[in-house]
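Visitor: Protein sequences appear in the order of chains A and B.
My numbering numbers the first residue of the first sequence as 343 and each following residue consecutively.
My numbering numbers the first residue of the second sequence as 395 and each following residue consecutively.
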Amino acid sequence: MEIRKKVRSFIIDNMLVWEQDIVLNDDDNIFALGFVNSLFAMKLLNYLEVEFSVSIETEEMKIENFSSVDNICALVTRKKEVNDKAS
Amino acid sequence: MIKQADTLLQAAKDFSANRVRPLAAFFDQGNGIPRELITDMGRSGLLGAPLPTRYGGGGADARLWGEITREIGKACCSVRSVLTVHSALIGETIVRLGNDEQKNRLLPDICSGKQIGAFALSEPDTGSDARGIKTAYAKTGEGYTINGVKKWITLGDLADFFIVIAQDQGRISAFFVERERTGITSVPLNGIIGNRGSHIAEVTLRDVYVPQSNLFCGEGMGFSHVVNTAMDFGRSSIAWAGLAIAEEALECMTSYALQRKQFGALIGTLGGVRTMIADAAVAVHAGRRLCEHAAHSRTERSVDLIHDTITAKYFTSRAAVQITNNAVQLYGANGCSSQFLPERLLREAKILEVIEGTSQVLQEVIADYALTKYSPLKKNTV
């Protein structure tokens, strides 16, 4: 839950929508819906690696992995499990 | 590490003073930077300065890399553009997004200068709206075939390989394309306002085949990750380049003001001149602080690193134009002559306000950032 909370908070803080009371669903495609711009992809990558102490490999850089709260959380969870097993 | 930093910075100062500054006007006359000069930049450790030591780089942090860029940039914009394109857009982006095979294949030669890289994004009809590129790729057997025309490519007439941005039905991807591949031609572009020695060219790709291993980052990640990452490294470099030109122009202004006499007095005592010098000094100081702050954000991997870099680039490139414009004004008729430095500095400064995101595009990004960061009304999303 901690990962989801942090990811949601980070996306919401960076959403480029000016209307009131926009709802971010966990399965929303944040790029397709225009909630964020393309610069956010890099910003998100940097945030995930620093905040969750994971290293996202080139092979994992698929837009699907970053397109929604659900997908981002799944990626981070997978990476943290790999880290835990390695340590 | 401190000794290594001192060594690299001293190497930049020495190279700038002995190898670059004496030839800067010559390069500006349209004489391309010679290949051997770039190779010597590699030998001096400058090309690989920001790249990891395990690939032959210098391991410089963002601040040191910025200072190196500034040292070279003060002397010559064309030579500095090698650091911006070859080392930053190409080298640093490969470090960030390349796979191990690509890093091992390319980075050692990038550090040494054995291979020179160029970033092929812009096209005859596509500038700021990079997603509108027409260069197309198609899956062909085990690889890809690329067709299209790239324009305003710095080092494009000299590079040994390119990172080419292409699209397939709107899906944008990036590819390494070696010049030796069949179907690549380049034509140098002349008559450009600045960077006249940096081998700017139009590059045509006609049925150029590259293997799967030349795909850079994932398919479809060419814009969101490769272009944006490269532009981020490029903007960091241009921020320091803007500071470099602004400082150089301020040094011109202050020197001239204490030598030139009009109305029986040094012009440095005249109110109008002093106002220009004061404004320039403030802008240089502010620009330096923005560059240092952005470098710190990059080293710390702050969540604001992209925006801090954009802010620094936006400020110093505009300040450089303003200060060099005033330097020409301060020099009077002499300032309008290529026999005096401000004339070249003004032309070179203008380039910085256009490349790696025009000031107008960056204003949009900065406005978005400000609206999300500073508005108390922004917290309505759930």
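All C-beta atoms in this analysis are idealised placements derived from N, C-alpha and C, irrespective of residue type, glycine included.
Computed from a prediction, not measured in an experiment: that's the story for all the values here.
Alpha carbon to alpha carbon, what distance is there between PHE382/A and MET403/A?
Guide: Distance between MET403/A and PHE382/A, taken at the CA atoms: about 14 Å.
Visitor: Quick one: what's VAL558/B bridged to in DSSP?
Guide: ALA514/B, PHE569/B
Visitor: Among ASN720/B, GLN656/B, LYS468/B, SER696/B, which residue has its Cα nearest to the Cα of GLU641/B?
Guide: LYS468/B
Visitor: Report all residues from its chain with a CB closer than 6 Å to the CB of SER516/B; omit the five preceding and five following residues, and keep chain order.
Guide: LYS545, TRP546
Visitor: Where does SER580/B fall in DSSP's three states?
Guide: Shown here, SER580/B sits in a strand according to DSSP, grouped into three states.
Visitor: The beta strand (DSSP E) spanning TRP546/B covers which residue range?
Guide: Note, TRP546/B: beta strand (DSSP E), 537 to 547.
Visitor: With a cut-off of 8 Å, does the C-beta of ARG448/B fall near any C-beta of chain A?
Guide: With 8 Å as the cut-off, ARG448/B does not count as an interface residue toward chain A.
Visitor: Since I believe ILE504/B is in contact with HIS480/B (beta carbons under 8 Å), could you give me their beta-carbon distance rounded to a whole number of angstroms?
Guide: Between HIS480/B and ILE504/B a beta carbon distance of about 7 Å is seen, short of the 8 Å cut, so the two are scored as contacting.
Visitor: Helix, strand or coil for VAL602/B, going by three-state DSSP, please let me know.
Guide: DSSP places VAL602/B in strand when its eight states are reduced to three.
Visitor: TYR389/A lies in the beta strand (DSSP E); which residues open and close that run?
Guide: Taken as a continuous stretch (DSSP letters only), TYR389/A belongs to no beta strand (DSSP E), being part of the alpha helix (DSSP H) at 381 to 393.
Visitor: I'd like to check one pair, PHE570/B with ASN608/B: are the Cβ atoms closer than 8 Å?
Guide: yes
Visitor: Under the rule that 16 or more other beta-carbon atoms within 10 Å means buried, what is GLY564/B, buried or exposed?
Guide: exposed
Visitor: LYS427/A lies in the alpha helix (DSSP H); which residues open and close that run?
Guide: 411 to 428
Visitor: Quick check: what's the CA-CA separation for ASN367/A versus ASN407/A?
Guide: Linking ASN367/A to ASN407/A through their CA atoms gives a straight-line distance of about 16 Å.
Visitor: Where does PRO605/B land, buried or exposed, given buried means 16+ other C-beta within 10 angstroms?
Guide: exposed
Visitor: For GLN362/A, does the three-state DSSP call read helix, strand or coil?
Guide: coil
Visitor: Just how far apart, CA to CA, sit ASP412/A and MET343/A?
Guide: Their backbone Cα atoms lie some 11 Å apart in a straight line.
Visitor: My guess is that ILE760/B and THR705/B are in contact by the Cβ rule of under 8 Å, so how many angstroms apart are they, rounded?
Guide: 6 Å
Visitor: Would you check if there are 3 or more beta carbon pairs closer than 8 Å linking the stretch 433 to 451 of chain B to the stretch 480 to 494 of chain B?
Guide: yes
Visitor: Under a three-way DSSP split, which group does GLN754/B fall into?
Guide: helix
Visitor: Using only the alpha-carbon positions, how far apart do LEU637/B and ARG420/A sit?
Guide: 43 Å
Visitor: At a CB-CB cut-off below 9 Å, which residues of chain A make contact with GLY537/B?
Guide: Chain A residues near GLY537/B: none, gap ~18 Å exceeds 9 Å.
Visitor: Based on Cα-Cα distance, which residue from LEU746/B, HIS701/B, SER753/B lies nearest to LYS767/B?
Guide: Comparing Cα-Cα distances from LYS767/B to each of LEU746/B, HIS701/B, SER753/B, the minimum goes to HIS701/B.
Visitor: Does the beta carbon of CYS611/B come closer than 8 Å to any beta carbon on chain A?
Guide: yes
Visitor: Rounded to the nearest angstrom, what separates LYS422/A and GLU391/A at their Cα positions?
Guide: 11 Å
Visitor: Where does GLN733/B fall in DSSP's three states?
Guide: coil
Visitor: Pairing CB atoms from the stretch 581 to 589 of chain B with CB atoms from the stretch 733 to 742 of chain B, are three or more of them under 8 Å?
Guide: yes
Visitor: If the cut is a Cβ gap below 8 Å, which residues of chain A does GLY492/B touch?
Guide: THR400
Visitor: What residue from THR752/B, ALA633/B, ALA643/B has the CA that sits closest to HIS687/B's CA?
Guide: ALA633/B
Visitor: By a C-beta neighbour count over all protein chains shown, 10 Å radius and 16 as the cutoff for buried, is GLY729/B buried or exposed?
Guide: buried
Visitor: Is PHE420/B buried or exposed, if buried means 16 or more other CB atoms sit within 10 Å of its CB?
Guide: exposed
Visitor: Excluding sequence positions up to five away, which residues of its chain have a Cβ less than 6 Å from the Cβ of SER410/B?
Guide: Non-local beta-carbon contacts of SER410/B in its own chain, meaning distances under 6 Å to residues more than five positions away in sequence, involve GLU465, ILE466, ALA469 in chain order.
Visitor: Would you kindly report the start and end of the unbroken alpha helix (DSSP H) that includes THR529/B?
Guide: Note, THR529/B: premise wrong, no alpha helix (DSSP H); not H, not E.
Visitor: Can the beta-carbon of ALA689/B be found less than 8 Å from the beta-carbon of ARG457/B?
Guide: yes
Visitor: For the alpha helix (DSSP H) containing ARG575/B, list its first residue and its last residue.
Guide: Annotation: ARG575/B is outside any alpha helix (DSSP H) and is labelled neither H nor E by DSSP.
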